[in-house]
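*Asks:*
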Amino acid sequence: MGLKVQLPDGSTREVAAGSTGADLAQAIANSLYRKAVGVLINDELKDLFTPLKDGDKVQILTAEDPPALELLRHSSAHVMAEAVQKLFPDAKIAIGPTIEDGFYYDFEIPGHTLSTEDLGKIEAEMKRIAESDQKLVRFDIPDVDKQIADFKAQGEKFKVELLTEHRDHSPTLYLMKDKEGNVVWNDLCRGPHLPSTKGIKHFKLLKVSGSYWRGDENRETLQRIYATSWWTKEDLEGYLHRLEEAEKRDHRKISKQLDLFSVHEEVGPGLIFWHPNLATVRNTIEDFWRAEHRKRGYQFVYTPHIASEQLYAISGHLETYAENMYSPMDIDGQAYRAKPMNCPGHIMIYKSRLRSYRDLPVRFAELGTVYRYERSGVLHGMLRVRGFTQDDSHIFCTREQLEGEIMGVLDLIDMLMTTFGYTYKAYLSTRPEKSLGTDEEWEMATGALERALQKRNLDYEIDEGGGVFYAPKIDIKLFDAIGREWQGPTVQVDLNLPKRFDVTYIGEDGNRHEAVMVHRAVLGSMERFCGGLIEHYAGAFPVWLAPTQVVVIPISDRHQDAADKLTQALTEKGVRVHVDKRSETMNYRIREAQMQQTPYMVVLGDKEVEKNEVSVRHRRKGDLGTMTPQLFVDKLHDEITNRFLDE
RNA sequence: GCCCAUGUAGCUUAGCGGUAGAGCACCCCCUUGGUAAGGGGGAGGUCACGAGUUCGAUUCUCGUCAUGGGCUCCA
242 MGLKVQLPDG STREVAAGST GADLAQAIAN SLYRKAVGVL INDELKDLFT
292 PLKDGDKVQI LTAEDPPALE LLRHSSAHVM AEAVQKLFPD AKIAIGPTIE
342 DGFYYDFEIP GHTLSTEDLG KIEAEMKRIA ESDQKLVRFD IPDVDKQIAD
392 FKAQGEKFKV ELLTEHRDHS PTLYLMKDKE GNVVWNDLCR GPHLPSTKGI
442 KHFKLLKVSG SYWRGDENRE TLQRIYATSW WTKEDLEGYL HRLEEAEKRD
492 HRKISKQLDL FSVHEEVGPG LIFWHPNLAT VRNTIEDFWR AEHRKRGYQF
542 VYTPHIASEQ LYAISGHLET YAENMYSPMD IDGQAYRAKP MNCPGHIMIY
592 KSRLRSYRDL PVRFAELGTV YRYERSGVLH GMLRVRGFTQ DDSHIFCTRE
642 QLEGEIMGVL DLIDMLMTTF GYTYKAYLST RPEKSLGTDE EWEMATGALE
692 RALQKRNLDY EIDEGGGVFY APKIDIKLFD AIGREWQGPT VQVDLNLPKR
742 FDVTYIGEDG NRHEAVMVHR AVLGSMERFC GGLIEHYAGA FPVWLAPTQV
792 VVIPISDRHQ DAADKLTQAL TEKGVRVHVD KRSETMNYRI REAQMQQTPY
842 MVVLGDKEVE KNEVSVRHRR KGDLGTMTPQ LFVDKLHDEI TNRFLDE
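Just so you know, we're using the working numbering here: the first sequence kicks off at 242 and counts up by one.
(1) Say whether the region 550-560 touches the region 608-628, bearing in mind that this needs 3 or more beta-carbon pairs closer than 8 Å, one atom from each stretch.
(2) To which residues of the same chain is Val844 closer than 7 Å at the C-beta, ignoring the five residues directly before and after it?
(3) Can you give the Cα-Cα distance for Glu726 and Glu488, rounded to whole angstroms?
(4) Could you work out which residue in Asp716, Lys294, Lys675 is closest to Leu690 when comparing CA atoms only?
(5) Look at the alpha carbon of Ile703 and the alpha carbon of Thr664, and state the distance between them as a whole number of angstroms.
(6) Can you tell me whether His410 is helix, strand or coil according to DSSP?
(7) Taking C-beta to C-beta, are Ala324 and Glu372 nearer than 8 Å?
(8) Please name the residue, chosen from Gly456, Asp887, Thr473, that lies closest to Phe444 on a Cα-to-Cα basis.
(9) Could you pull out every residue in the same chain whose Cβ sits closer than 6 Å to the Cβ of Ile881, ignoring the five residues on either side in sequence?
(10) Nearest to Ser766 by CA position, among Trp530, His505, Val401, is which residue?
(11) Round the Cβ separation of Ser597 and Tyr746 to the nearest angstrom and send it over; I've been treating them as touching at under 8 Å.
(12) Taking 8 Å as the threshold, find out whether the region 584-591 comes into contact with the region 545-552 through three or more Cβ pairs.
(13) Please classify Ser411 as buried or exposed, where buried requires at least 16 neighbouring CB atoms within 10 angstroms.
(14) Considering Cα atoms alone, identify which of Pro870, Lys439, Cys430 is closest to Gln375.
(15) Applying the criterion that 16 or more other CB atoms from any shown protein chain within 10 Å of the CB defines a buried residue, is Gln733 buried or exposed?
(16) Return helix, strand or coil for Arg769, following the three-state DSSP convention.
(17) Could you check whether Leu302 and Leu281 sit closer than 8 Å to each other, using their CB atoms as the reference points?
(18) In whole angstroms, what is the alpha-carbon distance linking Pro840 and Phe661?
(19) What would DSSP say about Asp864, mapped onto helix, strand or coil?
(20) Taking Phe444 as part of the beta strand (DSSP E), name the residues at either end of that continuous run.
(21) Counting pairs of beta carbons, one from the region 754-770 and one from the region 630-650, are three or more of them closer than 8 Å?
(22) DSSP on His819, reduced to helix/strand/coil?
(23) Measuring CB atoms only, is the region 344-351 touching the region 449-465, in the sense that at least three cross pairs come out at less than 8 Å?
(24) Who are Ala606's beta bridge partners in DSSP?
(25) In the DSSP assignment, what are the bridge partners of Asn283?
(26) For the region 383-391 against the region 314-324, are there 3 or more C-beta pairs whose distance is under 8 Å?
(27) Three or more C-beta pairs closer than 8 Å, one from the region 769-783 and one from the region 704-715: is that the case here?
(28) Per DSSP, which one or two residues make a beta bridge with Asn427?
(29) May I ask you to list the residues that DSSP assigns as paired with Pro795?
(30) In or out: Phe541 buried (at least 16 other Cβ within 10 Å) or exposed?
(31) Go to Lys489, then tell me how far its alpha helix (DSSP H) extends in each direction, as first and last residue.
(32) Is the beta carbon of Val278 closer than 8 Å to that of Pro436?
(33) Please give the ranges of any alpha helix (DSSP H) in the region 557-618, keeping only runs that are unbroken, at least 4 residues long and fully inside the region.
(34) So for Thr261, helix, strand or coil by DSSP?
(35) Can you give me the Cβ contacts of Thr789 inside the same chain, cut-off strictly under 6 Å, excluding the 5 residues immediately before and after it?
(36) If we call anything under 8 Å between Cβ atoms a contact, is Val449 one with Tyr415?
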């Protein structure tokens with residue numbers, strides 16, 4: 242008896258009982274059969290040789306179908322592991338999953354540490370294996386105990402551990418078979434895989450690094466090889482090119498070119514020194530930030546950088562956050578701590594007097610500098626540091642006001658992120674397993690967050706159980722100019738601190754009620770945000786942010802007066818302008834301004850002075866020709882005040 | 001913190017057992033130029049720091065610190 246399957250175009254097709262995806266492909270067209278590498282059965286990725294069932298929705302996958310990349314990379318990982326064990330017979334294999342744009346495999350190799358030279362050898366061995374056209378064959382383990390014993394005998398302790406755990410989940414091996422059908426290698430794996438290694442052609446091993454078995458630092462230290470794999474040479478080259486481009490944008494590299502920030506051994510790692518150029522960018526952002534907050538009814542506050550430990554005992558940070566806090570310092574016999582968060586301070590201000598429901602909502606905002614201990618290995622330029630300034634705010638409101646307040650925050654987020662040229666996506670994180678508070682409170686808070694998202698028509702995904710133990714939250718992910726993802730704004734409804742600090746207001750009924758407290762940061766931290774901006778813009782800050790907005794270049798000494806005059810006119814308009822009067826050639830000075838990513842260069846020579854014009858060059862568009870000084874000043878002023886994102 | 005790699009003038013880097021060379025930047029001189037490098041000269045390095053091996057260490061070994069890539073975590 243045959244079975245009917247549904248094809249992607251909606252049609253159904255009858256095939257013989259026991260048919261696999263491969264049989265179906267062959268029945269459809271020989272050409273499809275030859276190109277088939279896998280199959281989607283009811284939207285699940287499967288081996289090409291998976292038997293079909295009556296009523297299945299089936300799509301044959303070829304290299305052109307995006308889901309097939311997963312197969313390619315997973316199979317590439319197996320080929321890499323096979324190659325490593327061929328070259329290093331003592332190597333024990335751990336796990337080798339696919340990741341975004343590639344895959345990795347973890348190994349324990351007694352007595353050998355992998356180096357970059359090894360990568361070349363492994364690649365060569367992989368090429369040999371792939372070209373020998375080994376078949377990847379799924380194999381149901383008939384006798385788990387025997388297989389465990391086999392793995393034990395081979396010393397594959399990680400596989401023993403994995404198989405023991407998965408013994409009841411119908412575990413499978415993938416066998417690598419050579420042309421003669423001999424099993425040359427195998428790996429415990431649930432698949433799916435390509436039918437053969439011959440499609441594995443365009444791969445590259447990228448780097449080796451350390452890792453832990455099961456991500457647990459108390460367990461074995463493993464060596465991890467990161468690699469990538471693509472169907473075509475063009476795709477591989479394109480990917481490697483993207484990596485290079487990303488490297489060029491590295492904020493640490495650009496910082497050296499544009500003199501933006503530094504860290505110093507004498508001072509300590511993870512502590513950032515903002516040089517004048519980047520400080521200008523930051524100041525400009527902060528002015529903008531303040532103006533937008535003022536418009537939205539926020540009040541600015543300042544709070545101390547250290548506080549008695551008592552404060553953090555009340556807030557609970559001493560219990561739950563101690564490992565991120567610096568050791569106490571003794572002040573007159575009392576233990577003080579550097580502040581790791583701004584919230585307790587803002588609560589102090591809120592509690593400094595009795596609040597009426599008529600006062601609410603209260604929105605306190607602070608560019609608050611905090612210090613957190615980060616393990617030395619995680620520090621990274623400006624993106625991961627030990628002292629940083631958050632654009633922090635806490636909103637105290639009633640339950641009834643909560644939804645509206647969150648909408649206000651979402652509005653602010655949209656305004657700010659759009660101005661910087663980021664697109665974004667929202668995630669709603671709900672109650673985790675371990676959490677404080679009642680069901681009713683979580684529903685109230687989560688519901689307000691979700692309704693606000695819906696009313697603003699924001700696409701969002703739900704991260705089930707992804708909330709913090711004391712709060713549901715909205716996280717916004719940003720996408721930069723080259724499509725990379727950054728952690729962005731976050732909004733949390735705190736169900737903990739109002740209780741710990743007894744944060745209340747007097748209601749219409751004359752009784753005390755617990756206030757609702759919202760934490761939110763839009764930029765995150767000035768350090769991380771500005772570091773991210775450097776990469777987003779590749780150092781070419783839009784005019785309104787650029788440290789130097791205009792460089793004026795008088796061609797020779799006799800044009801200096803005209804240059805001074807223009808500079809003064811620009812300065813009066815608040816433009817950050819610099820005259821380059823050095824006795825270098827005009828070309829040289831233009832080149833330098835270009836390399837500094839200065840948005841505009843103005844050249845003044847005989848022709849311009851005579852006609853009272855200026856010759857304007859834009860860093861990307863090149864020579865814009867001449868115009869009157871007034872027109873240039875107006876144009877620039879317009880671009881700056883409207884925060885143009887040029888290019 | 002752990003694994004691996006790296007650490008030579010402000011920056012990018014060559015060298016690698018016999019106490020360092022380049023390009024750019026910097027300073028001086030000449031050049032006054034039409035939209036991405038005009039020419040010449042000069043100064044600048046305890047080769048990250050500390051021990052050890054050696055007749056001799058920037059070069060080899062160990063330790064420390066920092067940086068980079070990961071693991072883990074988060075703004």
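All residues carry an ideal CB built from backbone N, CA and C; glycine is no exception.
*Replies:* The answer reads as follows:
(1) Taking a contact to require three or more Cβ pairs closer than 8 Å, the region 550-560 and the region 608-628 do not qualify as touching.
(2) For the purposes of this step, residue 844 is taken as residue 603 along the first sequence, with counting starting at 1. If the five residues before and after Val844 are omitted, its C-beta is found closer than 7 Å to the C-beta atoms of Ile794, Ile796, Met827, Ser856, Arg858, all from its own chain and listed in chain order.
(3) Here the question's residue 726 lines up with position 485 in the first sequence. Here the question's residue 488 lines up with position 247 in the first sequence. Their Cα atoms are separated by approximately 15 Å.
(4) If you number the first sequence from 1, residue 690 lands on position 449. Of the candidates Asp716, Lys294, Lys675, the one whose C-alpha sits nearest the C-alpha of Leu690 is Asp716.
(5) By one-based count along the first sequence, residue 703 stands at place 462. By one-based count along the first sequence, residue 664 stands at place 423. If you take the alpha carbons of Ile703 and Thr664, they lie about 19 Å apart.
(6) On the first sequence, position 169 is the one that residue 410 refers to. The three-state secondary structure of His410, taken from DSSP, is coil.
(7) Translated into positions along the first sequence, residue 324 becomes position 83. Translated into positions along the first sequence, residue 372 becomes position 131. For the 8 Å CB-CB criterion, Ala324 and Glu372 do not form a contact.
(8) As a first step, residue 444 is located in the first sequence; it is residue number 203 there, counting from the start. Of all alpha-carbon atoms in Gly456, Asp887, Thr473, the one lying nearest the alpha-carbon of Phe444 is that of Thr473.
(9) Numbered from its first residue, the first sequence carries residue 881 at position 640. Same-chain partners within the cutoff: Val784, Trp785.
(10) Position 525 of the first sequence, counted from the start, is the residue given in the question as residue 766. Nearest C-alpha to Ser766: Trp530.
(11) If you number the first sequence from 1, residue 597 lands on position 356. If you number the first sequence from 1, residue 746 lands on position 505. Your pair Ser597 and Tyr746 checks out as a contact, with CB atoms roughly 6 Å apart and the cut at 8 Å.
(12) At 8 Å Cβ cutoff, the stretches touch.
(13) The residue labelled residue 411 in the question sits at position 170 within the first sequence. Around the beta carbon of Ser411, a 10 Å sphere encloses fewer than 16 other beta carbons of the protein chains shown; the residue is thus reported as exposed.
(14) Along the first sequence, read from residue 1 onward, the residue named residue 375 stands at position 134. The option with the nearest alpha carbon to Gln375 is Lys439.
(15) Working through the first sequence from its first residue, we reach residue 733 at position 492. Burial call: buried.
(16) Here residue 769 corresponds to residue number 528 of the first sequence, with the count starting at 1. In the structure shown, Arg769 falls within a helical segment according to DSSP collapsed to helix, strand and coil.
(17) As a working note, residue 281 is residue 40 in the first sequence. As a working note, residue 302 is residue 61 in the first sequence. Result yes, Cβ atoms of Leu281 and Leu302 sit closer than 8 Å.
(18) Sequence index remark: in the first sequence, residue 840 carries index 599 (1-based). Sequence index remark: in the first sequence, residue 661 carries index 420 (1-based). Whole-angstrom Cα-Cα distance: 16 Å.
(19) On the first sequence, residue 864 is found 623 positions in, with the first residue counted as 1. In the structure shown, Asp864 sits in a strand (DSSP, three-state: E or B).
(20) Position 203 of the first sequence, counted from the first residue, corresponds to residue 444. Run containing Phe444: 443-453, per the beta strand (DSSP E) assignment.
(21) Yes, the region 754-770 touches the region 630-650.
(22) In the first sequence, residue 819 corresponds to position 578, counting from 1. Look at His819 here: in three-state DSSP terms it is strand.
(23) Taking 8 Å as the limit for Cβ pairs, the verdict is that the region 449-465 does touch the region 344-351.
(24) Here residue 606 is taken as the residue at index 365 of the first sequence, counted from 1. Its beta-bridge partners are Phe541, Ser634.
(25) As a working mapping, residue 283 is identified with position 42 in the first sequence. In the DSSP output, where bridge partners are listed per residue, Asn283 has none listed.
(26) In this structure the region 383-391 does not lie against the region 314-324, because fewer than three pairs of beta carbons, one per stretch, are closer than 8 Å.
(27) Verdict: no, contact absent.
(28) If you number the first sequence from 1, residue 427 lands on position 186. According to DSSP, residue pairing for Asn427 in a beta bridge involves Leu416.
(29) The residue you call residue 795 lines up with position 554 of the first sequence. Secondary-structure assignment with DSSP links Pro795 through a beta bridge to Leu845.
(30) Numbered from its first residue, the first sequence carries residue 541 at position 300. Exposed: under 16 other Cβ atoms inside 10 Å.
(31) The residue you call residue 489 lines up with position 248 of the first sequence. First-last of the alpha helix (DSSP H) with Lys489: 474-489.
(32) For the purposes of this step, residue 436 is taken as residue 195 along the first sequence, with counting starting at 1. For the purposes of this step, residue 278 is taken as residue 37 along the first sequence, with counting starting at 1. Contact: yes.
(33) 558-561, 584-591, all fully within the region 557-618.
(34) On the first sequence, position 20 is the one that residue 261 refers to. Residue state, collapsed to three classes: strand.
(35) The residue labelled residue 789 in the question sits at position 548 within the first sequence. Around Thr789: Arg817, His819, Thr839.
(36) Your numbering for residue 449 matches position 208 in the first sequence. Your numbering for residue 415 matches position 174 in the first sequence. In this structure, Val449 keeps its C-beta atom at 8 Å or more from the C-beta atom of Tyr415.
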